[in-house]
Structures are given as C-alpha cells and as structure tokens.
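If you count the sequence shown from 1, you need to add 152 to reach the numbering used here.
Beta carbons: idealized from backbone N, C-alpha and C, even for Gly.
Note sheet for the following structure.
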Amino acid sequence: MSQKIRQEQILQILKNQEYVTVRYLSDALQYSTATINRDLNDMQRQGLVKRSYGGVEVAEKTHLPPLVQRQFYHKKEKRRIAEAAAKRIESGDTVFLGGGTTVQYMVPFLLQKKDITVITNSMRLAIELGDSPLTVVCLGGTLGERPYVLWSDLTVENAMRYYPDKMFFSVGSITEDGKIYSDLLYNVLIKNSREIWLLTDRTKIVGRLTTASCDFSALTGVISDYVFSKGTKELYPDVTFISVGEDDCSSKA
C-alpha cells in the first residue's frame with residue numbers, strides 16, 4: 153500500500169473516530185507503529201492532523217480534503233465502479249443516490265437512462281441531472297458537507313417518506329469482513345430500499361471499526377475495485393460481489 157493511500161485511510165478513520173491512538177491505527181491498517189508514526193508526522197506537517205498524548209486527532213473540523221478535491225482522487229476506479237452500478241438501473245426505477253464522490257461518477261451513465269426517478273441528498277447531483285428528462289428529488293435540509301451535500305435531521309425526516317427500488321451509496325470506512333459505518337440518513341434508506349448497493353474503492357477498507365452500524369448482510373451487493381476474499385463472500389452468501397477490473401467494467405460474483 154502506498155503512503156498516499158495509507159494516509160487517506162487514516163483520514164477516513166479520523167472522520168469517524170475523531171481521536172485514535174497510534175496502536176489503534178497500527179492494528180486497523182496492519183502496519184507497524186513506526187510506519188504509522190512516520191505517516192502521522194508527515195500529515196501533521198501538512199496541517200491535516202494534530203498529535204497529542206500518544207494518539208492523533210483532527211487538526212480542525214474540516215480535517216478531510218474538501219469534497220470538491222476528493223472527487224478527483226482515484227478517478228478511473230470510481231468511474232468503473234459507477235458504470236457497473238448504473239447497469240443495475242432499469243427503466244421505471246426509483247433510485248436513491250448518496251452524496252459520496254464515487255456515486256457522482258454515475259451521472260453520465262444515468263443521462264442515458266429513461267423513465268427513472270432519482271432521489272438524492274447531493275445538490276450537485278440534482279443540478280447535473282436537472283437538465284435531463286429524469287425526475288429528480290432533492291431531499292433538502294442543512295449543508296452537512298460543503299458545498300453540495302445535505303445532511304441534517306430534516307434530510308432524514310424527508311428521506312423517511314421514500315421507498316426506493318434501488319439505493320446506491322458509499323461510506324468513509326468498511327472492513328474486509330463486511331462491517332460498515334454509516335450515518336442515520338443511510339440507515340433509514342437501507343431499511344426503506346428494495347435493493348441496496350454499496351460502492352467502494354479499495355482505499356475505504358480498514359482493518360477494523362470500533363463502531364459499525366451494519367454489515368454486508370444488509371446489502372444486495374457490493375461494487376468495488378477490490379476483490380473480497382473467499383471467506384468474506386462465504387460470510388454473506390446472499391450478497392452479490394461485483395469486482396470491477398482494471399480495463400473494463402466486467403463483473404465477478
């Protein structure tokens with residue numbers, strides 16, 4: 153794993169945990185404490201984190217790179233994942249699209265669809281799809297992540313009214329054995345949706361989560377550039393695992 157990817161994973165963990173110890177990061181990412189310490193020292197020099205009392209915490213509330221910056225990370229992988237996800241959508245479907253950057257890459261493929269309704273908490277997605285013949289519903293509420301993503305009690309309240317045919321979302325961190333941390337909005341829509349598809353690139357996979365809201369058993373499928381182990385697939389026999397290859401969007405269950 154490259155230093156850049158490892159540091160991105162540390163930031164994703166901090167997004168969920170806010171403060172962790174060096175030992176926690178070492179166990180979660182399966183790297184030595186010496187390697188983690190070198191990463192943290194470099195990240196502190198960049199102003200991304202603040203080290204204290206044997207651990208690390210966010211430098212500010214806005215410790216992660218801005219949303220508009222993160223959308224350019226791992227573009228090829230996200231585009232392949234998004235194309236594979238869009239293939240699951242059929243005419244007449246009502247779909248929920250989360251505000252994550254991987255889901256944003258579905259837009260050009262959705263514009264080729266007909267007679268679908270899109271529900272989203274992303275103002276950017278709503279605007280980009282707004283000029284198309286598609287029916288678009290923006291959930292409303294307070295900006296949770298600027299400049300585009302709506303995430304508040306009102307957003308959750310509005311989401312409770314909808315029962316999508318299919319849900320497509322991504323989260324900050326998952327484990328190889330299928331544990332997921334997601335917020336209340338996604339938990340509501342997971343409960344209300346007929347099919348639930350998690351879109352994730354390999355940088356989101358961590359060794360463990362101290363808090364997990366659900367696991368892969370809540371999903372219809374996982375679409376990723378990461379190939380999950382045989383053991384993980386055996387844990388979730390009813391879940392479809394779609395692995396997107398380097399050169400195309402072919403899938404492997």
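Beta-carbon contacts of residue i that lie in its chain and below 6 angstroms, excluding the five residues immediately before and after
i    : result
V208 : L192 and V201
V379 : S395
R346 : D317
L277 : L249
G293 : L302, S304, L306 and T307
I342 : I348 and A370
Q196 : R203
Distance CB(residue i)-CB(residue j) smaller than 9 angstroms
i    : j    : result
W303 : D329 : no
S322 : G250 : yes
V308 : V288 : no
V255 : S243 : no
K230 : Y257 : yes
Those residues which DSSP pairs with residue i across a bridge
i    : result
D367 : K331
E209 : Y171 and K202
Residue i to residue j span [Cα, whole Å]
i    : j    : result
V220 : L295 : Unreliable positioning characterises V220 in this predicted model, as indicated by a pLDDT of 49, which lies under 50. The coordinate reading is nonetheless provided below. Rounded to the nearest angstrom, the two C-alpha atoms are 14 angstroms apart.
T173 : L387 : 30 angstroms
K265 : L286 : 8 angstroms
I326 : R360 : 8 angstroms
L216 : R298 : Low confidence applies here, because L216 scores a pLDDT of 46, under 50, leaving its location unreliable and the question unanswered by this model.
L163 : L177 : 11 angstroms
G383 : Y183 : 22 angstroms
I241 : V247 : 8 angstroms
Y315 : N344 : 5 angstroms
H226 : G324 : 14 angstroms
D194 : L306 : 39 angstroms
L291 : D245 : 18 angstroms
N310 : A370 : 22 angstroms
T214 : I233 : Because T214 sits at a pLDDT of 40, beneath the cut-off of 50, its placement in the model cannot be relied upon, and the following sentence gives the value as read from the coordinates. So the two alpha carbons sit approximately 27 angstroms from each other.
S365 : I348 : 15 angstroms
D267 : S381 : 37 angstroms
F368 : Q198 : 35 angstroms
M312 : K228 : 34 angstroms
N168 : I279 : 28 angstroms
Neighbourhood of residue i by C-beta distance below 7 angstroms, restricted to the same chain and skipping five residues each side
i    : result
Q161 : L181, T355 and V358
L281 : V259, L262, V270 and V288
Own chain, CB closer than 8 angstroms to residue i, minus 5 neighbours either side, in chain order
i    : result
K385 : V391 and F393
T185 : V174, R175 and S178
Top-ranked residue by Cα proximity to residue i, from the options
i    : options                   : result
R158 : V259, R346 and T187       : T187
L166 : V301, L337, R203 and E242 : R203
T352 : I342, L341 and I332       : I332
G373 : K382, K318, I268 and M312 : K318
V259 : M195, N344, F320 and Y338 : F320
S376 : E235, I271 and N168       : E235
I271 : S381, Y183, G383 and L337 : L337
D283 : D367, L262, I233 and A311 : L262
G252 : D245, C366, S369 and V301 : V301
A237 : R190, L350 and R175       : L350
Q155 : D179, N189, R175 and N168 : N189
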